[in-house]
Amino acid sequence: MSGINLNVLNQQLAKLESLMLTIEKENKNKIQHVHNTQIISAKNLLHYLALRSQDIREIQNELHEVGLSSLASAESHIRSQLQAIRQRLGTKINEKNIEKCTFESSGALREEKNRFLFGPKDIDALPSIMVTFDSSFADSYTTIKNLLLNGMNIARINCAHDDETIWIKMLDNIKKACQKTEKTCKVYMDLAGPKIRTKIIQTGHKKDKLKNNEKDKVNIEEGQIIWLAYNKEGFNKKDIVISPEEENVISSLKKGDRVYIDDGIIKGEVININNNKVEVKITRISSEKKSIKNQKGMNFPDSDLNIPSLTSYDIACLPFICNHADLVGYSFVRKSSDLELLKTKIAEIGDKIPALIIKIETSESVRNLPDILLEGMKNEHFGVMIARGDLAVEIGFERMGEIQEEILWICEAAHVPVIWATQVLESLNKSGLATRSEITDAGHAALAECIMINKGSHTIKVIQSLINILKRSTQHRFKKRFIFRPLNIAKDFIAGNIPHEI
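In this text, residue positions in the sequence shown follow the numbering used here: the first is 8, and each later residue adds one.
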């Protein structure tokens with residue numbers, strides 16, 4: 008055993024368990040405020056956060072070397088797993104101190120929460136599939152019926168588009184299709200949230216009259232200066248002036264803050280601020296088309312934006328959503344108080360309360376994830392969506408793989424179902440042909456409880472391909488834990504090299 012001292016190893020594990028209990032005790036007030044069905048989950052989350060606040064890599068290596076669990080795939084029952092290891096090392100644990108959140112009980116708890124949020128599935132082992140509805144679905148019952156027959160479990164209606172007239176038609180078609188196919192379909196409605204998008208105030212062109220296409224975009228170069236402002240007062244004609252549309256964005260910026268435009272294609276840095284006029288230097292353009300167009304998304308990952316996550320338009324949509332949706336998606340959540348605001352508004356409407364889906368799409372929401380989850384636990388049921396598009400821009404594409412894993416681990420510890428969203432088999436959906444990288448990404452999506460597909464021309468083909476990919480990947484792993492089904496490569500080798508008499 009390479010001289011590993013098992014007593015010392017056990018003592019190190021005892022210290023980790025002691026830390027878990029200390030963190031639980033220190034957060035007793037937060038545990039008391041969660042829904043009574045969430046108490047076990049809240050405690051397990053705190054235990055996991057305590058463990059992950061430490062560097063235990065050396066301990067893990069030693070555990071692996073002596074043939075014990077390294078704690079690497081035990082997010083949902085972390086203290087129970089640690090106690091099981093200590094028992095194997097000779098520790099006797101008093102029955103009253105044995106952790107109740109076990110591998111078996113946490114699995115049953117997660118499954119119950121998944122089923123409540125996302126409904127029944129044709130294949131229990133696979134994640135649920137959510138499909139984003141296009142406006143045309145309002146007049147296409149057949150499309151919705153075919154989506155259900157091919158594996159759609161949840162219909163997503165984005166309230167940033169269309170209106171109640173169109174939404175009602177979509178809902179009627181869903182109901183009709185469910186009756187015809189004898190399948191169930193949950194309805195998820197997304198609140199639009201604040202729209203931080205480019206609005207070109209001044210193009211910088213010297214000529215007075217511009218063609219329509221010239222008004223909708225401005226050409227830029229790396230190193231060039233653009234201005235953020237709400238109007239063109241006080242600027243020279245040659246200045247490029249862009250508004251982020253949403254009030255209070257500009258007043259929230261500070262020197263050195265990064266500015267991203269158009270899904271991160273354009274990067275800039277705030278170099279000067281003067282009376283609601285922000286000077287931004289363009290530092291990178293990751294496209295051959297070097298221009299800024301109207302209505303492109305803007306991200307400010309370094310800025311504490313003083314804007315509400317719940318807009319007046321969202322509040323106006325809430326009565327309709329509460330009457331018709333099973334799930335409501337909440338955009339631009341940054342801290343736990345954002346959830347309090349939405350829950351207060353929903354409570355004012357009536358008794359029918361859709362389950363809340365918290366969209367993690369900002370760097371601030373990642374930092375505040377534990378508190379956001381504990382606030383969510385005040386409800387009996389809620390979920391998390393990893394909105395990977397905006398999140399990748401906010402935290403940087405290089406960190407996206409790492410951060411989406413961390414979100415999955417922490418939500419697993421909290422027994423919170425996760426929706427894997429944005430750009431799933433996107434090339435296949437748009438062009439009919441998948442890329443190698445997105446096939447790998449789709450397989451990785453099996454780590455979540457639900458997968459969201461965006462709008463496209465080949466949605467049914469995407470569902471079919473996704474189910475095929477997921478069937479294969481789930482035979483090899485469950486969550487983070489790799490499982491061993493027989494490999495054809497191994498079977499063929501053994502069959503060809505085994506003596507006939509055996």
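Using N, Cα and C, we set each Cβ at its ideal position, and we do this for glycine too.
Note that this is a predicted model, so its numbers are computed, not measured.
- Ile-227 and Lys-359 have their alpha carbons spaced roughly 50 Å apart.
- Per the Cβ contact rule, the stretch 192 to 211 is not in contact with the stretch 270 to 280 (fewer than 3 Cβ pairs under 8 Å).
- Of all alpha-carbon atoms in Asn-238, Lys-288 and Glu-240, the one lying nearest the alpha-carbon of Gly-230 is that of Lys-288.
- When Cβ pairs closer than 8 Å are counted between the two stretches, the stretch 171 to 180 is seen not to touch the stretch 237 to 253, the count staying below three.
- Rounded to the nearest angstrom, the gap between the Cα atoms of Ser-143 and Val-277 is 41 Å.
- Look at Gln-209 here: in three-state DSSP terms it is strand.
- The C-beta separation of Leu-317 from Val-41 comes to about 22 Å, leaving the pair out of contact by the 8 Å criterion.
- Lys-32 and Ser-48 have their alpha carbons spaced roughly 15 Å apart.
- Cα atoms of His-71 and Leu-454: separation of roughly 23 Å, rounded to the nearest angstrom.
- Collapsing the DSSP output to three states places Met-407 in a helix.
- With fewer than 16 other Cβ atoms from the protein chains shown falling within 10 Å of its own Cβ, Leu-440 counts as exposed.
- Each residue's CA atom was taken as its position, placing Ile-314 and Tyr-267 some 18 Å apart.
- By the CB criterion at 7 Å, Val-194 and Asp-333 fall inside the cutoff.
- Ranked by Cα distance from Phe-389, the first of Lys-462, Leu-415, Val-425 and Ala-354 is Val-425.
- Lys-224 is not a Cβ neighbour of Ala-184, given a cutoff of 7 Å.
- Comparing C-alpha distances from Leu-20 to each of Ile-38, Gln-88 and Asn-51 shows the shortest one belongs to Gln-88.
- In this structure, the alpha-carbon of Leu-124 lies about 7 Å from that of Ala-362.
- According to DSSP, residue pairing for Lys-274 in a beta bridge involves Tyr-267 and Arg-291.
- Shown here for Gly-357: same chain residues with a beta carbon closer than 7 Å to its own, the five before and five after excluded, namely Cys-329 in chain order.
- Glu-456 is classed as buried because its beta carbon has at least 16 other beta carbons within 10 Å across all chains shown.
- Cβ-Cβ distances below 7 Å link Thr-44 to Glu-387 in the same chain, with the five nearest sequence neighbours on each side left out; the list follows chain order.
- Met-137 is positioned such that its CB atom lies no closer than 7 Å to that of Cys-166.
- Beta-bridge partners of Cys-457 (DSSP): Ser-135 and Ile-426.
- The residues Leu-96, in chain order, have a CB closer than 6 Å to that of Leu-13 in the same chain once the five nearest residues on each side in sequence are set aside.
- Straight-line spacing of the CA atoms in Ile-470 and Arg-64 works out to 39 Å.
- In the DSSP annotation of this structure, Asn-101 is not part of any beta strand (DSSP E), being labelled neither H nor E.
- Taking C-beta separations shorter than 8 Å and ignoring five residues to either side along the sequence, the partners of Thr-188 in its chain run Lys-152, Leu-155 and Leu-156, following chain order.
- Contact between Ser-480 and Lys-437 is ruled out by a C-beta separation of about 23 Å, above the 8 Å threshold.
- The Cβ atoms of Glu-419 and Ser-434 do not sit closer than 7 Å to each other.
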